[in-house]
Structure formats: structure tokens, C-alpha cells
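Worksheet: one structure, shown below.
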Amino acid sequence: MAARKHDERLHDRQFVRTFFTSPTAVKGEDDSAKMIRSASGLRGMQAPDVWVPDNEDATAPSMRDEGVENIIEVVAENGADFPGEIHPRIVWHRDSPATRHRGLNHLFEIADPENGAISHIDGFVIPEVGDIDDWKKADEFLTIVEKEHGLEEGSIAMSVIIESAAAELAMGSLRAEISKPSNNLERLFMLVIGEVDYTKDMRAITPTGDLPSWPEVRHNTSRGASAAGLISVDGPYDDIRDVDGYRERMTDNQAKGLLGIWSLTPGQVVEANRSPLPPETGSWLLDVGGYQVELDDEDGVQAYYGDRLSLEETASGYVLRDSSGERELDAEELHEELLDRTEYIPSMGDIVDSMEEFEAAKEAGTGAIAMERSATIHIDGVDVDISNDRMWDEATYQAAQTPITLFKDVYEHRPDQHEELAEMYSEDVVERATNVGKA
Amino acid sequence: MAARKHDERLHDRQFVRTFFTSPTAVKGEDDSAKMIRSASGLRGMQAPDVWVPDNEDATAPSMRDEGVENIIEVVAENGADFPGEIHPRIVWHRDSPATRHRGLNHLFEIADPENGAISHIDGFVIPEVGDIDDWKKADEFLTIVEKEHGLEEGSIAMSVIIESAAAELAMGSLRAEISKPSNNLERLFMLVIGEVDYTKDMRAITPTGDLPSWPEVRHNTSRGASAAGLISVDGPYDDIRDVDGYRERMTDNQAKGLLGIWSLTPGQVVEANRSPLPPETGSWLLDVGGYQVELDDEDGVQAYYGDRLSLEETASGYVLRDSSGERELDAEELHEELLDRTEYIPSMGDIVDSMEEFEAAKEAGTGAIAMERSATIHIDGVDVDISNDRMWDEATYQAAQTPITLFKDVYEHRPDQHEELAEMYSEDVVERATNVGKA
Amino acid sequence: MAARKHDERLHDRQFVRTFFTSPTAVKGEDDSAKMIRSASGLRGMQAPDVWVPDNEDATAPSMRDEGVENIIEVVAENGADFPGEIHPRIVWHRDSPATRHRGLNHLFEIADPENGAISHIDGFVIPEVGDIDDWKKADEFLTIVEKEHGLEEGSIAMSVIIESAAAELAMGSLRAEISKPSNNLERLFMLVIGEVDYTKDMRAITPTGDLPSWPEVRHNTSRGASAAGLISVDGPYDDIRDVDGYRERMTDNQAKGLLGIWSLTPGQVVEANRSPLPPETGSWLLDVGGYQVELDDEDGVQAYYGDRLSLEETASGYVLRDSSGERELDAEELHEELLDRTEYIPSMGDIVDSMEEFEAAKEAGTGAIAMERSATIHIDGVDVDISNDRMWDEATYQAAQTPITLFKDVYEHRPDQHEELAEMYSEDVVERATNVGKA
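Protein chains in written order, with my numbering: chain A, 1 to 439; chain B, 1001 to 1439; chain C, 2001 to 2439.
Next up, the structure:
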């Protein structure tokens, strides 16, 4: 076996933004495959990076054999044209040999080349896994299915749902286990958190019945994925009406390196496809009483119109008031104060500009350069110009690349989104973004 | 040895709400056993699920041999009638062979059937454990004591105090270690955090000398317990006057699956016995400036009387003001806004109602139903009716069961609390709660 | 090999407050060693506990061979007089055999006794380590270098930068790995977090490009150090102007047991050398709307002059107003309310007083004593005397010792700071602090 590094990702996609599940068989409809048939037609920003015909929790237990038939029919027919990857979820449970056996039978049927679906399927999602020996059982079934169906060993990807404490702990030993000769765990692709069942397994309680936020399991999943060359994905966000909450969750996840998230509707897919990409335009934030408030851009002037911070020009200088009291400041102190209170969120174009500038400097032999950022801040009729330098060195440059690397991964694998990306960012920024970062 | 699943709990109790320690021997009293004699008489909500005659930190080192005699005397006399389990804490230290030897001698004496206490003792608590090999030393001592005293091997439960980094890490390998043939670690019952000594072992410092909140060790303990079929318990809350703080800590713990907590007084026992059980009556929360404020129920109308949010009816609609400014809303927008800002904390009766409703629907062949929740919100003289649907499917139903499963465990094992539970919830709700969830 | 406990620290220093890096070779200067030459002259509070001539990220790749020469020259000349330890950082990367080989060559050269530097060097810092097998490669190189250069095996300390998920996970198995006979990992000294590259390895994104706060990796590093008898150090704080932010970060770290931090300038060294030591004077905190506000000490009266809390004396008692509304209180209720809202941050002198008092009580046979703390709180012209008792027992006493143990470690190893410490705390407090805690 050739040497491999587990830090290298083995699969086509290096990033998965969206994991969209659809029930495979719905009772009481003329066409029980209605939901997956409709999902298979999604394109552009509405189409997920990974589509999951869900033959487990989203589908009633009595409908799951029919669900297998529906997956085969719809994927055989529409799978070739689907722009994302296809990873059906089958039934599995660490505590139920019968469920695992049923999962094996479903795998055999879906993966049968004569049924015409497997050539469009990238892998399978295994829910309710336990410790690493349980993961190996699913891996072994996939190996057997591959052998019996004449498919290349290890060619079917396997992703798991982390919804038990045992599975959370298993992620700590993944890097060592993947390289053992008696398994094909190199097929592992995504580690997906399943917070509903995890909450049940952990026996957690909240007064309202809402899910706990589980910061530690999200960290541990991101870390487990990073250490083993896999991709981490957060679980479903149930409150579909709450778009702001979904966005906040994604921002919080991204700061943990957890760049993918489950989507329950095409509307959530659009949000989640956009979220890890840099914004179209930059914006300024002002710290007001511990909150970050986005300033209104008015022809390049950044204005604050809230009532929690006020600024007044006096004969001798300025008076700045907030809920902690008032302070008299001279012009320089005011500049410093506003510099401390403001932050800039760069746009995609800004990031590309900075990277190009750093690359040019590096080529000219300079290892670190100052990136300047200026703005005019407008509060209560007073305008204050602020300007700040941030040093960029190799490490800053490398760390800034993640959203650009993600963008390039999207651009390479999702031509169906090119048009929308060009509309968002302009053709020029898109082209420069695909070229930057090769230094 | 018969196969076992480590996700299954091995002990009588599936839940421990309260872990109440009493000094075993107090200097300068006529009766040095006064504290444990008094504790052995606790009944009802004042009696803990687990009572710990504490022959370690709560008792002066010079009094600990006398403490052993006191434990034997009081437990032999009153243990049969004590409504909770009895788990004395003995001396132990990962770094001190002499302390461990003393612990062994104390075990031998307390567990001697001729002394009449061991038949009422469910297990022992081992403090200051280190890595898993240190846990095995304590387990081995219990095995020897069982053998020499003619007790069934593995019949004495063992619980440990997690108060070192080594012990925290050991919890990650527990699931695998428990099944090894050379130990009897299946006797493990509770993982109890000891934050004071943990803080010392980690060499942590806070400006005021208060304990750090240690969210990660609480997560890791809950996870370790869940993965190995054990029960997790948080450490003592020192500020006995601060009932609100104790309650907040328990709510935070419960969201981590850490359902038990140490209690230092019978008053804390009452709080901690009630805390993981659903409330007697439901209540509405309103989000005001990022805080959740409980609304006043006035004959079914939910009223807000604070001054951080105001609502005014105008000719064209409504004006809603808070610290971030004011917004004009029409009736529908106001409804949406209040829907977003409110949450409901269901009572025990509400949870039982919802579960019964879902069970009936499932029996009738429906896999998911909408649970409606309505209220009239009253702000500044304006009444607004809001109504929300929440989808319940199998997963929601399963996740909602934890407090009910806990209630049933309490109801089965604590007949001394039946009367108080019926007073809290009504006979009807109690009876229905014990019957729901068997579907 | 003699038995050892991994809870015992093996090195001279039990604590490292400051880890100060300097570029080893700067391009375009007459003296490319200028930065390390200047750093080697630091003394007193400006001198770090650990000085790191940084031949990795702080130095341009093309300058690193020259950097090795500079380290040798400057350390041979000035190393004997440097008051802290000296641990150069060499090049290393888990994914690059060529980089590791270059690191080996640099080690051979710097550690050559004929070059005169190694006798002043305490160890080396290895960046970009991966899993534990990668750490062993660096350890093996050090063993070979020691052998070939006639140095005692294991005498060169090794510290690592945790900047990958694999390295974070490796810390979980350190305790077991250190004791294996085929390595010399007992040489391990510091675990240092490198958040910039860790963020890149985890592929994390924040909107502004700021580093995530990574609470979990900080906990895991502190825990890994504690379980293996090592010292944990947090990574660099880039915003050098932001002294308040640096202090807040250190306070947060200290509550995790992470007592050391990287410093990028002598100014940061001063801050970081002082931060884990108790303050020179005590202060009172008042909880106002969830924030802890430090009260102004005016001749022993603790005054609040903010506008978020007001107090008024009325005919029948007092009215206390804050943003959540107003409450009427009688004198006793007001006393209770202020007691709940206040906390005291003890000075070094206060801690020494309390420890001496407890030690005296213990010697007299008392296991627990009440420490009283009183103050007069002044709000809106009303003076309220409050007084609180806190129980101190052996555990409180032990936990309170960490800052004193740290102080004693500093006092023993850093005579160059004696004068500044005596100025801060007075000769009397310094002397008593060095004598307390031996009970």
C-alpha cells in the first residue's frame, strides 16, 4: 500500500457547505418518491454540496423498504445531472443487530450496478454509530458489498452521524485506526453531528425543550475531522423560520472550523451555501456596550444612529457618552477610542486584494507588509477619520486563505453556481479569487 | 461471562439527583457521630438519592478511624430505613500508598458482615483517583474485600471523584477498560466532579479565589458517564446562601447531561431533588435585550411590566421600543416579532399531555404531529394573541423523555417522596407520568 | 531507571509566566543578530521566564542558517548572564521530512559544545508537531545530538507548539507515552499553543479575520500539561496596543490553569510577568446589571459613581434602582442585597494574611476557620457597612496556594526581579510570602 498522510483529504471535495436530507418515501402521496424526485432537480445555490436521500429518521420505519426502491429509481434517472454529491443515509444502530442487518440488505440493493444508481452515488451515511469497532462493522459491510458487486474496494465513501458519547470519543482515535490494515476506514468522508439523538444519549435537559448548544462536541468533531483528513458537518437547525439564528449558528461553527451544516429546506441550503463564503461588500462594526453593531454605509461614511452611544463636540474637545458614563476626549484620544471600538469585516474583493498585495510583496522579497484600512465614522453629526494598519506576514496570509480555498473548491466542483457567484462578487473578483493563493 | 452492553446501566438507580455528604466524626461533640446520625434520619425531598458518610475531606484526618466506627454504628442501626442509597467515602490518593493502604483497612472494617453495616451499603466513593491504573487498584481492593468477607464479587459499587487531570483523561478510556477480564470495573456507578481539588491540580487561579466554572470537565464527565453506562454528578456549590446560583448551576449542568449534583445541606438536597424534574406550572419567557424575562401569569394572560420594552398602539399599527431603538409594526409583524421573542417552559403536565398526544397519533399511524401552543401577551396595556406550532416526530418524542424517565426512576425508588410529588403535580399527573413513554 | 511520578515536575522551573520570542536573523541590518542581541540584555520584569530565539516563523526562511550562527554567537556571549531560561525554536514540520532534517542539522550545530552556546541553553522548542510518533522523532534527534556531543541523555529539554488537531489529541496520551522505555520524552517541558497555525489547520473562519478564542484547546493543553507534569503556555496576542485585551486573555487563561503566555515585546513581557501574581492592593467589585464594576477606594470607603445603579434613602427604608426596575428594601435586605452583589479581590498581602491565620489555627488544632471581610459601600451618598465570612478549610487553603507557590518559584529563580517585587509588595509581604505555605 502506498504511503499516505492522513492530513491529506482523499475525496473529490475538500469542503462540504451543505448536507441536505430528503425523505425517501412519503406515505399517502400518489408518488411516494415525490420529495427526493423534487430534491434531485435542485440546481445552483439551492442545490447542496451533499444531498442525502434519507432512509432513516426522515422516513417512517414502515416506508423504508419502499424508500430503497425510490432511491434507486430517482438516482438512476436524475443522479447523473445532480450538481452535488449523493450520499444516501441508511438504517443502522450500534445497539441493534437487526437494524444493522437491514442496513446491509439496503446497501446491497442500492449498490447493485444492475439497478443503475450506484454509479451516481458517492457514498453512504451511517447513523447512530457507537465506538470505533461499531464503525468498523459498517466499513466491513461496505467492503463486502463492493466485492460482491465488483466495485473497487474502498471506492464507496462512508460518513457517520455522531449522536452518541461513544462516537464522540471514537473520533479521538480515528487517525490511528484509519491506518490499520484490517479495515478500509480510508473511505471515511464526513463526520456529521446529530444533536437531537446526541442530546437523548447524553440525557440532557433544557427547560424549554430546545437543544443545548453543545460547544464541546462541535469542537471535538471539527478536531477529529481535521486530525484524520475528514470533513465536519453540524446537525439540523430545527427552527426553519429563524434565519438569523441559523446564520449565527453557522458563524459560531465556522470559528470552530466546522464549515458544513445540515439543511432541511432549499431555503436553508441557500443560506448555508453562502454562509462560509466572504460577503459581497465589506462592513464596519462598532462596539456599543459590549455589542457589535454594524454601521450604515452612506456613500463611504460609516454612520451610527443608535441611542446607546452619543458624541458631542465641545469647545475643548469631545464628550462621548454610553451606559457606563461620559468621557471627555481630545481629538487624538477620540481617534484612539474609535479605533479600539471598530472592526472591519472584509469582503471577498478585500481579501483577494490583500492576498494579491502580499504575494507581490513576497515576490519582491518582503516578508511582512502593513495593510491599511481607513474609514470615516459618523456619530451624532460628528465625523471622525480613523485609520489602522494590520501587519500581514506568511502566517496571516496562510490563515486568511481558508475562505478562498473553500471558494476555489466550490468553483471547481459546482459549475452550476458560477453564474450566481459572478452576480454576487463580479466576474473580475471571481476570476482573481480563483487565481490567488498559488504562491 | 454473559455479554453486556456498556450503554446499559447496571445499577438499581438510573439517575442520581443528589449526592449528600456528612462528616463521619466531629470533634468536641458528646456524640462524634452526631452529623451522620442526623443525616440518616432524613426522609422525603430532604433525603438524597445517594447519601455519602464522608470519611475523607469533611472529616478531620485525626478523626477518621473513629469515623469508620461511626459509619458502622449508624448504618447498622438506621441504614435499613434510609430511603436513598448509601455510599461512604473512604480515604484514597493516587500519590500516596500509605493513604491507599489506610483506605483498604477502612474498607475491610466497614464491609465486615459481622459489623452489620455492609448489607445496607450500596458502594463506596473513592476520592483523588489518578489514571485508570489507579482506579484499578481501588477496584482490586474491593474485589479482595468482597472475597475475604464472602460477598458476591462485583456486588459493591464503586464511584470516583474526578479531581485531577489524569482522572479526567481516564474517563475517555473507560468504556474499553471496563470490559477487560482482569478487573471488576463493571462495579463503577458514579463519576463525581471535585472542583476544589481539581482546581488545585490544574493550578488554576481566579482573582477572587472563586472556583472556575470548568465547562469542559463537566462535559467530559457527562460524556464519560454516558459512554460507559454510568451516572455523572457535579461537585459541591460552596455558597450555601446563594440558592439562585445553585439553581443556575443545575440548569447549566442539565443542558450538559450532568443531572446530579453534590449537596452540602438538607436545604440544598431539596433544591437538587426538585431541579431536574419539570416545573409544576408552565411559564412564558420574553426576550428583552438579550435576557429571558419570565412573564407574569394573570388569569392566563402573560404580562410584561419591565421598562426595557414598551409597546404602543397607534393609528396605523404599533410601535415597539427597546434599547436598540424603535420599530413600527403592523398587526402581523407584531405577532411575528412576539412569536420570535417568546418561549414556553412546559410543566410536567404539559410534557405528559404532549407525549400522550404523540403516542395516540403514532398508534393511529401518524409519524409527526404539530403541537400548538397559544398565549395572550400583555405589554403596556396592549394584548396580543400569539400561537405557534412545533412539529413532534419520533426524535422529538424520544428527546423529550429524559425528564419523564428520570421521574419514573425517582417514583420507583423513592416511595418516601410520593406524597410530596403528588402535592406538587397532582395525583392525576403523577399517575399519567408513570404510564407514559412505554410506547 | 528510578521510579518517577509524572505528576512531579522534572525541570528547574515549576512555572513559566512568559515565553518571549525574538527573530534570530533580520535582513537588511548591519548586525542581523540585532534583535536577539538586544533581547539577551533584558533584565528584571522586562526579562521573560523563557526566552526563545526564534529560528522558525519570526525569521525569514532564507535567513535561518544565519540565524543558527547568530544564536550561537549571542548565547555563547550573553547566555550566562541571562536571568531566564533559554529555549531556541528550530524548524520542524510533521509533513516535511526535509524540514525535519534541516532542524536536525541546526540542532547539531547549536548544541555543539565547541560553539560555546549549549551550556547556557535549557532546551529547544519544536513547532508544528503532529501526533505522538512525530514528537518521538524530535525526541530521538535530541537523544542522538546529546550522544554525539557527549551531553547527558535527556538533559536537553523539549517543548512543543500545539498547532494542529493531531498534536491536540496527542496531549491525551502523553502521560502513558512519557513512561515508555524507548523514548526520552521525560525531557518534555512546555506545551505551547500556536493559535495562528492551529486556526489554519482547523480551517476556521471568523468574519473579521481575528483568531477564534479556542477555549477547548486551551483547556486541553492545560489538562495535558497537568496530567504529564508539564507547563502550559498560551500563544501570541497579536494586538500589541491592546493591553486590556491581553490582560483579559491572561485572566481567562489563569482560570483554566494556563498560567504562561507568549510575549512579543518587552512591554508584553512586563504585563505577563505580573499577571499571574496577586495584585498589590485589594479591591471590591460590584455587580451592576451583570457586569463586575470595580469600586473606587476612597479612604477605605468603596464608592460607586456609575449611573446604572442608584440608591435612595426613604422614610421607610431604601429604594434600589437598576435597569430591571426598582425595589424597596429595609436595612437588612439592603445589606443582604449588597453582600450578594459584591466580591473582593484579595491582594498578595491579604492572601498571605489568610494563609498565616489558617496555618496558626491548624497548628492549634482547628480544621476550619471563618475569614471575615468587611467594607463600607457608598452609593449615591448612602453608606452601607457589609461584612461576610468565608469558611477556610484544608481544601480552601490548598487551592489558595497556587499564586503563592508561583510567587515562590519566581522568587527562587529570578533574583533579578527581587527589587521590583519588593517595590510592588513591600519587603515584609515578600518575606512572609516566601515563608508561608510550608505547613
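Idealized CB from N, CA, C, for every residue including glycine.
For the C-beta of E1168 of chain B, the chain C residues within less than 7 Å are, from N- to C-terminus, R2223. DSSP places R175 of chain A in no beta strand (DSSP E) but in the uninterrupted alpha helix (DSSP H) bounded by L174 to I178. Listed by position along chain A, the residues whose Cβ is nearer than 7 Å to that of I2036 of chain C form an empty set, because the closest Cβ is around 17 Å away. Listed in chain order, the beta strand (DSSP E) runs fully inside the region 1066-1127 of chain B are 1123-1126, counting runs of at least 3 residues. Listed in chain order, the non-local C-beta contacts of T2265 of chain C below 8 Å within the same chain comprise I2240, local neighbours out to five positions each way being set aside. Below the 7 Å Cβ cutoff, chain B contributes E1216 as neighbours of H2219 of chain C, in chain order. By the neighbour-count criterion, in which 16 or more other beta carbons inside 10 Å mark a residue as buried, E56 of chain A falls on the buried side. It is roughly 14 Å from the alpha-carbon of D2081 of chain C to the alpha-carbon of E2073 of chain C.
Taking one beta carbon from each stretch, the region 37-44 of chain A and the region 206-220 of chain A have fewer than 3 pairs nearer than 8 Å; the two do not touch.
Contacts between P212 of chain A and chain C, judged by CB atoms closer than 7 Å, are missing: the closest CB pair is about 16 Å apart.
From the beta-carbon of K1137 of chain B, no residue of chain A is found nearer than 7 Å; the closest lies around 24 Å away. Of A:Y304, A:D330 and A:L309, the smallest CA-CA separation from A315 of chain A is found for A:D330.
Secondary structure note for I1156 of chain B: it is in no beta strand (DSSP E), with a DSSP letter that is neither H nor E. Against chain C, a Cβ distance below 7 Å from A395 of chain A picks out D2057, V2196 and D2197. Of all residues in the region 1391-1415 of chain B, only M1391, D1393, E1394, A1395, T1396, Q1398, A1399, A1400, Q1401, T1402, P1403, T1405 and L1406 come within less than 9 Å of chain A when Cβ atoms are compared, listed by chain position.
Residue environment for E2029 of chain C: exposed (fewer than 16 other C-beta atoms within 10 angstroms of its C-beta). The alpha carbon of W92 of chain A has as its nearest neighbour, out of A:G79, A:H106, A:W214 and A:E85, the alpha carbon of A:H106. Per the coordinates, the alpha-carbon of T1405 of chain B lies some 8 Å from the alpha-carbon of G1437 of chain B. Between D2012 of chain C and H2413 of chain C, the CB-CB gap stays under 8 Å. Boundaries of the alpha helix (DSSP H) harbouring N1220 of chain B: P1215 to A1228, taken from the DSSP string. Using a Cβ-Cβ distance cut-off of 8 Å, the region 300-318 of chain A and the region 376-387 of chain A are in contact, since at least three pairs of beta carbons, one from each stretch, lie closer than that value. The Cβ-Cβ distance between E2109 of chain C and V2068 of chain C falls below 8 Å.
Minimum Cα-Cα distance from V430 of chain A among the listed residues A:D353, A:I386, A:A303 and A:H120 corresponds to A:D353. If you check the CB distance, H87 of chain A and G123 of chain A come in under 8 Å. Counting along the chain, the unbroken beta strand (DSSP E) around F1019 of chain B starts and ends at T1018 to P1023.
Going by C-alpha positions, N1070 of chain B is about 12 Å away from N1078 of chain B. The residues Y344 and N388, in chain order, have a CB closer than 6 Å to that of R373 of chain A in the same chain once the five nearest residues on each side in sequence are set aside. When C-beta distances to chain C are compared with 8 Å, the residues of the region 337-350 of chain A below that value are D340, E343, Y344, I345 and P346, in chain order. Annotated as distal: S164 of chain A and R223 of chain A, with beta-carbon spacing of 8 Å or more. Take the alpha-carbon of A1033 of chain B and the one of T1059 of chain B: they are about 11 Å apart. If you draw a straight line from the Cα of D2252 of chain C to the Cα of W1214 of chain B, it comes to about 11 Å. If you compare the alpha carbons of C:S2275, C:D2393, C:P2127 and C:P2181 with that of G2245 of chain C, the shortest gap goes to C:S2275.
The region 2165-2180 of chain C and the region 1147-1164 of chain B do not touch, with fewer than three beta-carbon pairs separated by less than 8 Å. Taking 8 Å as the threshold, the shortest C-beta distance from R2017 of chain C to chain B does not fall below it.
The criterion of a C-beta distance shorter than 8 Å is satisfied by W262 of chain A and F19 of chain A. Beta-bridge pairing by DSSP links E298 of chain A to A:V301.
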